[in-house]
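Working notes, structure below.
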Amino acid sequence: MKKSLRKKMSLSYILVTIICVLLISLLSNFFLKELFKDYIVQDHETKNKAIVSAVSKYYLGDGKWNNDEIKNLGVDAIENGLFISIKDVSGKTVWDAEAYNNSKCNAVKNRLIVNMETHFPKWKGVYTKDEYPIVNNSNKVGTVEIGYYGPFYYNDNDILYINALNKILICVGIVSLCIALVLGLLMAKRLSNPIMNVIDTAEMISKGNYSEKIQIESDIEEIDKLATTINNLGTSLCEQEKLRQRLTRDISHELRTPLSTLQSHMEALIDRVWEPTTERLTSCHEEILRLKRLVGDLEKLAEYEGENLILNKTKFNMREVINNIAVNFEKQFLDKGVQLILNAEDISIYADKDKIIQVIVNLISNALKYTEKDGKVEVNLLEDSHFVKLSVRDTGIGISEVDLQYIFERFYRADESRNKLTGGAGIGLTITKSIIEAHNGSIVVESKINEGSEFVIMIPQS
Ligand code: ADP
């Protein structure tokens, strides 16, 4: 089942907090208990010594004892889980806790056993008796026997202390959980709000509202990048859509003219309004050729664009190739009165020869097409750190800044009315760019209207 980001983040926060709180509680509980146990064992020793020292002070001499103080001390000790039995040197009992109040002693022992078994289920307490001599003025005057449940035990105060500690840990746990829940919800909200915004905009874009833009500024880098990417996607889809519409319009326009001419000519011939003279049939044939050229252009585009381009690389001399092309163009340049200047270094390159020829032909024929009489076209070829740099510069009509960004798009023609006369369908540069990119090269153009254009291509030498 899919969960929302907000729910998922809040749950993760709570889970992490529960695990942390549980771990901290368990560990602190364990360590505190262990430390507390050590403290209790040490404290027991101290208490025993204090009892022995006190009892030795309550010896008054001549076999006499301060019985009142001894009783007070013994009763206090019972409350602390210590059961004292004092004997003089002759072995006669001076004071004995069980003899004094057996039921009270049993009640204290039982309570202590219950306390210990509740907190330490594995506790195996054994009633132990430690015997200490009572020394007065360097003379042994008796013995004190201290009974207790060993190896350690908790009295009521100790249990109160442990319970308070546990309560503090539980409170800290609950407060941490609440804080984690609130923080989790806040964080999830901060994350999910802009993502929801991005989703809404992406949905609008998917429905064709390409102008829709994400208006959020997030301080989370990834979200900011996501928003920018979706905005750019919208812009590029919008441009693609415009190009697609233009493409459909262009193709239908290109098709309509020869088809209408053919239709009217054929109808006239069928109705015998016209005689099928050679002139009329030639005119029909020309229209058919126009149609064929257009279909050919479309096929070429499909062949050269995207994944379909397969390169057949060989090593060849670029200067020779350019010289041959220039020879083929010589007559056209002469006819138009445009000067062709070549500056080519002797460079060899490992590339697809036919396709590179196509690139150079496209660039030179465009330069000639868009340059008026008495203009100049200059082709420069040089080596530039493992790259072959080829530039074709003309003094022609130039390309406006708006058109410059689109000229590599399919069927884009900067000046439609003018270009229709020149016969170009607007795919030459698209193919050129595809070929250059397939060779891991690049193509850039600089142009100023009425001053001329310069196309520069860079292709890796190998
Ligand atoms: P076309 O077959 O129409 O020339 P291209 O893809 O080769 O198609 O070129 C696209 C458009 O770029 C052209 O229609 C033209 O407007 C512009 N263009 C290309 N080369 C030049 C140039 N050297 N001078 C001016 N405009 C150019």
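Residue numbering for the sequence shown follows our numbering, starting at 673 and increasing by one per position.
All C-beta atoms in this analysis are idealised placements derived from N, C-alpha and C, irrespective of residue type, glycine included.
| message | Just checking Ala974 against ligand 1 - is the residue's beta carbon closer than 7 Å to any of the ligand's heavy atoms? | response | Start at 1 with the first residue of the sequence shown, and residue 974 comes out as number 302. No, since every heavy atom of ligand 1 falls outside the 7 Å radius drawn around the Cβ of Ala974.
| message | Using a 10 Å radius around the Cβ and a threshold of 16 neighbouring Cβ atoms, would you call Glu926 buried or exposed? | response | Looking up residue 926 in the sequence shown gives position 254. Looking at its Cβ environment, which holds 16 or more other Cβ atoms inside 10 Å, Glu926 is buried.
| query | Does DSSP classify Tyr1042 as helix, strand or coil? | reply | Taking the sequence shown and counting its residues from 1, one reaches residue 1042 at position 370. Coil.
| said: Shorter than 7 Å, the distance from the beta carbon of Asp1024 to the closest heavy atom of ligand 1, or not? | reply: Walking along the sequence shown from the start, residue 1024 turns up at place 352. No, since every heavy atom of ligand 1 falls outside the 7 Å radius drawn around the Cβ of Asp1024.
| query | Just checking, does the stretch 981-997 make contact with the stretch 1014-1022 on the three C-beta pairs under 8 Å criterion? | reply | yes
| query | Do Ile982 and Ile1032 have their C-beta atoms closer together than 8 Å? | reply | On the sequence shown, residue 982 is found 310 positions in, with the first residue counted as 1. On the sequence shown, residue 1032 is found 360 positions in, with the first residue counted as 1. In this structure, Ile1032 does not lie closer than 8 Å to Ile982 by Cβ.
| field | Backbone CA spacing between Ile1107 and Gln1030 [nearest angstrom] | value | Residue 1107 sits at position 435 when you count from the first residue of the sequence shown. Residue 1030 sits at position 358 when you count from the first residue of the sequence shown. If I take the Cα positions, the gap works out to 9 Å.
| query | Which of the three DSSP states, helix, strand or coil, is assigned to Arg1065? | reply | For the purposes of this step, residue 1065 is identified with residue 393 of the sequence shown, where counting begins at 1. Residue state, collapsed to three classes: strand.
| Bounding residues of the beta strand (DSSP E) (the contiguous stretch that carries Glu741) | Sequence index remark: in the sequence shown, residue 741 carries index 69 (1-based). Where Glu741 is concerned, there is no enclosing beta strand (DSSP E), although the alpha helix (DSSP H) it sits in stretches over 739-751.
| said: Using 8 Å for Cβ pairs, my map puts Phe1083 next to Leu919. What's the rounded Cβ distance? | reply: Numbered from 1 along the sequence shown, position 411 holds the residue referred to as residue 1083. Numbered from 1 along the sequence shown, position 247 holds the residue referred to as residue 919. With 8 Å as the limit, Phe1083 and Leu919 qualify as a contact, their Cβ atoms being about 5 Å apart.
| request: Could you give the DSSP three-state label for Gln887: helix, strand or coil? | output: The residue you call residue 887 lines up with position 215 of the sequence shown. Gln887: coil per DSSP, three-state reduction.
| said: Could you compute how far the alpha carbon of Phe708 sits from the alpha carbon of His791? | reply: Here residue 708 is taken as the residue at index 36 of the sequence shown, counted from 1. Here residue 791 is taken as the residue at index 119 of the sequence shown, counted from 1. Rounded to whole angstroms, Phe708 to His791 spans 12 Å at the Cα level.
| Closer than 7 Å: is that where the CB of Asn1052 sits relative to any heavy atom of ligand 1? | Here residue 1052 refers to the residue found at position 380 of the sequence shown. Answer for Asn1052: no, Cβ out of range of ligand 1.
| request: Check whether the Cβ atoms of Ile1115 and Leu973 lie closer than 8 Å to each other. | output: Mapped onto the sequence shown, residue 1115 falls at position 443. Mapped onto the sequence shown, residue 973 falls at position 301. No.
| query | Does the beta-carbon of Pro805 have 16 or more other beta-carbons within 10 angstroms, so that it is buried, or is it exposed? | reply | Your numbering for residue 805 matches position 133 in the sequence shown. Pro805 is exposed by the Cβ-count criterion.
| task | State the DSSP-derived secondary structure class of Pro930, mapped to helix, strand or coil. | result | Position 258 of the sequence shown, counted from the first residue, corresponds to residue 930. Helix, per DSSP.
| field | Beta-carbon gap between Ala769 and Ile785 smaller than 8 Å | value | Taking the first residue of the sequence shown as position 1, residue 769 is located at position 97. Taking the first residue of the sequence shown as position 1, residue 785 is located at position 113. It is not a contact, given that the beta carbons lie outside the stated cut-off.
| So Pro866 is in the beta strand (DSSP E); what residue range does that whole segment cover? | The residue given as residue 866 occupies position 194 in the sequence shown. Careful: Pro866 lies outside any beta strand (DSSP E), inside the alpha helix (DSSP H) at 828-878.
| said: Taking the straight line between their C-alpha atoms, what separation do you get for Leu934 and Asp943? | reply: Translated into positions along the sequence shown, residue 934 becomes position 262. Translated into positions along the sequence shown, residue 943 becomes position 271. Distance between the alpha carbons of Leu934 and Asp943 is about 14 Å.
| Bridge partner(s) assigned by DSSP for Ser1119 | Looking up residue 1119 in the sequence shown gives position 447. In DSSP, Ser1119 forms a bridge with Ser1125.
| What did DSSP end up calling Ala1086 once you bin it into helix, strand or coil? | In the sequence shown, the residue the question calls residue 1086 occupies position 414. Looking at Ala1086 - three-state DSSP - the assignment turns out to be coil, as it is neither helix nor strand.
| query | Tell me the DSSP bridge mates of Pro1132? | reply | Residue 1132 sits at position 460 when you count from the first residue of the sequence shown. Per DSSP, Phe1059.
| message | Helix, strand or coil, according to DSSP, for Asp1018 in the structure here? | response | In the sequence shown, counting from the first residue as 1, residue 1018 sits at position 346. Coil, per DSSP.
| task | Whole angstroms is fine: what's the gap from Leu745's alpha carbon to Thr718's? | result | If you number the sequence shown from 1, residue 745 lands on position 73. If you number the sequence shown from 1, residue 718 lands on position 46. Each residue's Cα considered, the two are about 15 Å apart.
| said: Please report the straight-line C-alpha distance between Leu1012 and Asp1046, rounded to a whole angstrom. | reply: Taking the first residue of the sequence shown as position 1, residue 1012 is located at position 340. Taking the first residue of the sequence shown as position 1, residue 1046 is located at position 374. Whole-angstrom Cα-Cα distance: 11 Å.
| message | By the three-class DSSP mapping on this structure, what secondary structure does Asp760 have? | response | In the sequence shown, counting from the first residue as 1, residue 760 sits at position 88. Asp760: strand per DSSP, three-state reduction.
| said: Mapping the DSSP letters down to three states, classify Lys801 as helix, strand or coil. | reply: In the sequence shown, the residue the question calls residue 801 occupies position 129. Three-state result, Lys801: strand.
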